[in-house]
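Okay, so here's the structure we're looking at.
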Amino acid sequence: MLVRVVLLGAGAITALFVARDAPNFDVIEGMVGIAIIATLVFAMVLLGRRR
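Each residue of the sequence shown is one higher than the one before, counting from 1 in the working numbering.
And the structure:
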C-alpha cells in the first residue's frame, strides 16, 4: 500500500517534467520514488534526533 502511494506521487511529479509516453518514464518515475522515500527517511531521522 505504501509503495502504491509513493509511486502515485512519483508519477504525478514525474509527469510535470517528462511526457508519460516517453520511453524512459518508468525509470524516471522509479528514481523520483526512491528520492521521495529517501527524503521521508531523512526527515524521520532528523525528527528522531530532536527528541
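The beta carbon of each residue, even a glycine, is placed where N, CA and C say it ideally should be.
Between the Cα of residue i and those of the options, spot the shortest distance and give me the residue it belongs to.
| i | options | result |
| --- | --- | --- |
| glycine 9 | Ala22, Arg49, Met31, Pro23 | Met31 |
Would you say the beta carbon of residue i comes nearer than 8 Å to a heavy atom of the ligand NAP?
| i | result |
| --- | --- |
| leucine 2 | Ligands are entirely absent from the displayed structure, and the ligand NAP is therefore not among its contents. |
Taking Cβ positions, are residue i and residue j nearer each other than 9 Å?
| i | j | result |
| --- | --- | --- |
| glutamate 29 | leucine 2 | no |
| isoleucine 71 | isoleucine 36 | The first residue shown for the chain is 1 and the last is 51, placing residue 71 beyond what the model contains. |
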